[in-house]
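Student: So that we are looking at the same thing, I have put the structure below in structure tokens.
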Amino acid sequence: MVTIIRPGSEIDEPAALADPDVAPVVEPTPPLPLDPLPMLAIPYAFARRFGVVVQHTDADAHLTVALRTGADPRALLEVRRYLARPFDVVIVEAPAFDRLLSDSYAMDGQANALAAVGMGDELDSLAEGLPTAEDLLDTADDAPAIRLINGIIADAARNGVSDIHIEPYETGLIVRMRIDGVLRETLRMPPHVAPVVVSRVKVMARLDIAERRVPQDGRMGLTLGGKLLDVRVSTLPSRAGERVVLRILDKDNAGIDLDALRMDERMYALLRGALAEPNGIILVTGPTGSGKTTSLYGALRLLNDGSRNILTVEDPVEYAVEGVGQTQVNPKVGLTFAAGLRAILRQDPDVVMVGEIRDRETAEIAVQASLTGHLVLSTVHTNDAIGAITRMRDMKVEPFLLASTLRAVIAQRLVRRLCPACRRPVQGSGVAGLLGIEPEATVYEAVGCAECNHSGFKGRIGVFEAVRVDDTIRRFINDGADETAIAAHAFARSPTLAQAAEALVRRGLTTPEEAIRVSRRDATDVVDEVEA
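532 is the number that UniProt numbering gives the last residue of the sequence shown; the numbers go up by one with no jumps.
See below:
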């Protein structure tokens, strides 16, 4: 319930607001279209502590102050002195006020977001200026917390970071960033700043700042040097406080094409041939973080020539692609992958992309879609290309239907690419021997320099294996042949993941250790063989 109090153009006596015998007329009203007024907004710490938010409700910037139910009305005197102009007061119940507070200051924080962070700002110096949680409630400015968070995100965006981990422990708050698939610690702060940092992130992501017992998910849009960033935020309660992970999605990457994936010519030709099919299913497989989404978006860009109706159902929609109709699943309202796929098939599509085939219903609809003349692109979680066929069987897809609709399966991994400025040639090691590389052959190892931030690696490169479904493989699938028989035929003329990784090592693009990491060998076996 929202109630409005109209005491006139001035608030002369806050006690009148608390005394029903003296208070002006109180009129129940529908919720007002309250919008933030950043140039007149009071500091977030004051707003949260005293339960007041400054708003305007029309084009003339007529001021309204939202006062939380139960808040001390004397805070309105401070607001009046701060604003130096008259305003109306709206009494808002606590749950609605918390949402209004988060929405207002999230927009304010994003509007002033990364533009306020100088490119030379050091995160350590920003962290030193951060007050304690208790001090923040009394400060007149939230700038230290905002600048620290914006500085962390800006630093991550400049260095190609995919995820930021904010981890509270009893001994301190640690910030780690995932660069080229590997987590690296970048900042360590005293433990008392954890509530400040986490609360500010939650405000910017429009999460419930009062709820610390359950996980929450949100997002925020930021701009860095003209580059649009979509930041997904996830919180998780832990013993020492809430952990936060921020996933950074560069919206400009929606323009990525297949050439950027650095496939070899044979793999590139195979994929282009499969995409030229008028119908059927093309699957991309691999673990989380292996670049499956990048491959799918690259394929969509190749197909998106204006002559096709391309529709997708994703969880989430990671990049906006011009000319492609994209739908995000929402299980809370019944919009699952299966329901979304069923709906978009009624939209006269030529090409359909499903973020993931994870259950029997989605698999069956995808097969039926391909049988009725649609080209279907999707992913499954398996270790290799042949495993995708077994996975579809496990989801009870009839063998004869799978055989007639499957066009190609691509399995992929990402390995870190050696920094070309500092890589160092060495003779083949014991690890290289596990890949079949001769002891006298030259391979390269990581060193580290200023170009690669002293990691020895700069960027990542894809490792691929592919199965192009021909008549023989169709017969194998239809007859229920095992993976060994299918693999023997499929990889007679095409490299496996391990062979593709070996080729990258021989070309000096990555290290033997990276190649071993993406192969199907057990790490313990590798160590034992090297020591032997």
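Glycine residues also receive a C-beta, built at the ideal position from the N, C-alpha and C atoms.
1. Let's see if you can read the secondary structure: which residues bound the alpha helix (DSSP H) around threonine 342?
2. Within the same chain, show all residues whose beta-carbon is closer than 6 Å to that of arginine 517, passing over the 5 residues directly before and after it, in chain order.
3. Below 8 Å on the Cβ atoms is my guess for leucine 275 versus leucine 311; work out the distance and round it to an integer in Å.
4. Which residues mark the beginning and the end of the beta strand (DSSP E) in which leucine 283 is found?
5. Using DSSP with H/G/I as helix, E/B as strand and the rest coil, what is tyrosine 444?
6. Any idea what DSSP makes of threonine 390, helix, strand or coil?
7. Give the range of the alpha helix (DSSP H) segment to which alanine 403 is assigned.
8. Output the distance between the C-alpha atoms of tyrosine 169 and alanine 450, rounded to the nearest integer angstrom.
9. Using the three-state DSSP reduction, which class does valine 317 fall into: helix, strand or coil?
10. Apply the 10 Å Cβ neighbour rule to threonine 235 and answer buried if 16 or more other Cβ atoms are within range, or exposed otherwise.
11. Applying the criterion that 16 or more other CB atoms from any shown protein chain within 10 Å of the CB defines a buried residue, is glycine 273 buried or exposed?
12. For glutamine 55, does the count of other Cβ atoms within 10 angstroms reach 16, so buried, or fall short, so exposed?
13. Contact between the segment 291 to 307 and the segment 384 to 394 is defined here as three or more beta-carbon pairs at a separation below 8 Å; is this criterion met?
14. For arginine 206 versus valine 231, is the C-beta distance shorter than 9 Å?
15. Drop a sphere of 10 angstroms on the beta-carbon of proline 512, count the other beta-carbons inside from all chains shown, and report buried for 16 or more, exposed for fewer.
16. If I measure Cβ to Cβ from arginine 176 and keep anything under 8 Å in the same chain, skipping five residues before and after, which residues do I get?
17. Do the segment 396 to 413 and the segment 460 to 478 make contact, defined as three or more Cβ pairs closer than 8 Å?
18. Would you tell me roughly how many angstroms separate the C-alpha atoms of isoleucine 152 and methionine 220, rounded to the nearest one?
19. If you draw a straight line from the alpha carbon of alanine 299 to that of glutamate 78, how long is it in whole angstroms?
20. Give the DSSP-derived three-state secondary structure of isoleucine 149 in the structure shown.
21. By Cβ distance below 7 Å, which residues in the same chain neighbour leucine 101 in space, the five residues on each side in sequence not counted?
22. Quick one: using the 10 Å Cβ neighbour count with 16 as the cut-off for buried, is residue 533 buried or exposed?
23. What is the residue span of the beta strand (DSSP E) that isoleucine 164 lies within?
24. Between which two residues does the alpha helix (DSSP H) containing glycine 433 stretch?
25. Can you tell me which of the three DSSP states isoleucine 174 falls into?
26. With distance defined between alpha-carbon atoms, name the residue in Ile357, Leu76, Leu504, Gly430 nearest to proline 86.
27. Can you give the Cα-Cα distance for valine 463 and alanine 94, rounded to whole angstroms?
28. Mind reading off the beta-carbon distance from glycine 355 to valine 324? Whole number of angstroms is fine, and I expect it under 8 Å.
29. I'd like to check one pair, valine 92 with alanine 69: are the Cβ atoms closer than 9 Å?
30. In the DSSP assignment, the alpha helix (DSSP H) including threonine 472 goes from what residue to what residue?
31. Across which residues does DSSP place glycine 221 in a beta bridge pair?
32. Go ahead and label serine 519 buried or exposed: buried means 16 or more other beta carbons lie within 10 angstroms of its beta carbon, across all protein chains shown.
33. Tell me the DSSP secondary structure of phenylalanine 87 in three-state form.
34. Report, in whole angstroms, the separation of the C-beta atoms of glycine 289 and glycine 459, which I expect to be a contact under 8 Å.
35. Could you tell me whether the Cβ atoms of proline 237 and arginine 212 are closer together than 9 Å?
36. For the segment 498 to 514 and the segment 414 to 429, state whether three or more C-beta atom pairs, one from each stretch, are separated by less than 8 Å.
Tutor: From the atom records:
1. Position 342 of the sequence shown, counted from the start, is the residue given in the question as residue 342. According to the sequence provided, residue 342 is arginine. The question's threonine does not apply to it. From DSSP, the alpha helix (DSSP H) with arginine 342 extends over 337 to 344.
2. For the purposes of this step, residue 517 is taken as the residue at position 517 of the sequence shown. Same-chain partners within the cutoff: there are none.
3. The sequence position of residue 275 within the sequence shown is 275, counting from 1. The sequence position of residue 311 within the sequence shown is 311, counting from 1. Not confirmed; about 16 Å, so no contact.
4. Residue mapping note: residue 283 aligns to position 283 of the sequence shown, counting from 1. Element bounds for leucine 283: 280 to 285.
5. Numbered from its first residue, the sequence shown carries residue 444 at position 444. If DSSP states are grouped into helix, strand and coil, tyrosine 444 belongs with the strands.
6. Translated into the one-based positions of the sequence shown, residue 390 becomes position 390. Residue state, collapsed to three classes: helix.
7. Locating residue 403 in the sequence shown gives position 403, counting from the first residue. Note, alanine 403: alpha helix (DSSP H), 399 to 405.
8. For the purposes of this step, residue 169 is identified with residue 169 of the sequence shown, where counting begins at 1. For the purposes of this step, residue 450 is identified with residue 450 of the sequence shown, where counting begins at 1. When rounded, the distance between both Cα atoms is 31 Å.
9. Within the sequence shown, residue 317 is the residue found at index 317, counting from 1. In the structure shown, valine 317 sits in coil (DSSP, three-state: anything other than H, G, I, E or B).
10. Numbered from 1 along the sequence shown, position 235 holds the residue referred to as residue 235. Its Cβ being crowded by 16 or more others within 10 Å, threonine 235 is buried.
11. Against the sequence shown, residue 273 aligns to sequence position 273. With fewer than 16 Cβ atoms within 10 Å of its Cβ, glycine 273 is classed as exposed.
12. Residue mapping note: residue 55 aligns to position 55 of the sequence shown, counting from 1. Answer is buried; the Cβ neighbour count reaches 16.
13. no
14. Position 206 of the sequence shown, counted from the start, is the residue given in the question as residue 206. Position 231 of the sequence shown, counted from the start, is the residue given in the question as residue 231. Taking 9 Å as the Cβ cut-off, arginine 206 and valine 231 do not qualify as a contacting pair.
15. Residue mapping note: residue 512 aligns to position 512 of the sequence shown, counting from 1. Buried.
16. Along the sequence shown, read from residue 1 onward, the residue named residue 176 stands at position 176. Around arginine 176: Ile164, His165, Glu167, Leu183, Arg184, Glu185, Thr186.
17. yes
18. Translated into the one-based positions of the sequence shown, residue 152 becomes position 152. Translated into the one-based positions of the sequence shown, residue 220 becomes position 220. Between isoleucine 152 and methionine 220, the C-alpha separation is close to 15 Å.
19. As a first step, residue 299 must be located in the sequence shown, where it is residue number 299. As a first step, residue 78 must be located in the sequence shown, where it is residue number 78. Spanning the two alpha carbons is a distance of roughly 58 Å.
20. Counted from its first residue, the sequence shown places residue 149 at position 149. DSSP places isoleucine 149 in helix when its eight states are reduced to three.
21. Mapped onto the sequence shown, residue 101 falls at position 101. Result list for leucine 101: Ala47, Arg48, Val53, in chain order.
22. Absent from the model: residue 533. The displayed extent of the chain is 1 to 532, so no value can be given.
23. Position 164 of the sequence shown, counted from the start, is the residue given in the question as residue 164. It spans 163 to 169 - the beta strand (DSSP E) in which isoleucine 164 sits, taken as one unbroken run.
24. As a position in the sequence shown, residue 433 is number 433, starting the count at 1. Looking at the DSSP string, the run of the alpha helix (DSSP H) that includes glycine 433 is 430 to 434.
25. Translated into positions along the sequence shown, residue 174 becomes position 174. In the structure shown, isoleucine 174 sits in a strand (DSSP, three-state: E or B).
26. If you number the sequence shown from 1, residue 86 lands on position 86. Looking from the CA of proline 86, the closest CA among Ile357, Leu76, Leu504, Gly430 belongs to Leu76.
27. In the sequence shown, residue 463 corresponds to position 463, counting from 1. In the sequence shown, residue 94 corresponds to position 94, counting from 1. Going by the C-alpha atoms only, they are around 53 Å apart.
28. For the purposes of this step, residue 355 is identified with residue 355 of the sequence shown, where counting begins at 1. For the purposes of this step, residue 324 is identified with residue 324 of the sequence shown, where counting begins at 1. Going by Cβ atoms, the distance from glycine 355 to valine 324 rounds to 13 Å, so no, they are not a contact pair.
29. If you number the sequence shown from 1, residue 69 lands on position 69. If you number the sequence shown from 1, residue 92 lands on position 92. Note that residue 69 is threonine in the sequence shown here, rather than alanine. Against a cut-off of 9 Å, the Cβ pair of valine 92 and threonine 69 comes out as a contact.
30. Within the sequence shown, residue 472 is the residue found at index 472, counting from 1. It spans 471 to 479 - the alpha helix (DSSP H) in which threonine 472 sits, taken as one unbroken run.
31. If you number the sequence shown from 1, residue 221 lands on position 221. Asp230, per the DSSP bridge assignment.
32. Stepping through the sequence shown from its first residue, residue 519 is reached at position 519. Its Cβ being crowded by 16 or more others within 10 Å, serine 519 is buried.
33. Counting from 1 along the sequence shown, the entry for residue 87 is found at position 87. In the structure shown, phenylalanine 87 sits in coil (DSSP, three-state: anything other than H, G, I, E or B).
34. Walking along the sequence shown from the start, residue 289 turns up at place 289. Walking along the sequence shown from the start, residue 459 turns up at place 459. Between glycine 289 and glycine 459 the beta-carbon gap is near 15 Å, outside 8 Å, which marks them as no contact.
35. Residue mapping note: residue 237 aligns to position 237 of the sequence shown, counting from 1. Residue mapping note: residue 212 aligns to position 212 of the sequence shown, counting from 1. Against a cut-off of 9 Å, the Cβ pair of arginine 212 and proline 237 comes out as a contact.
36. yes
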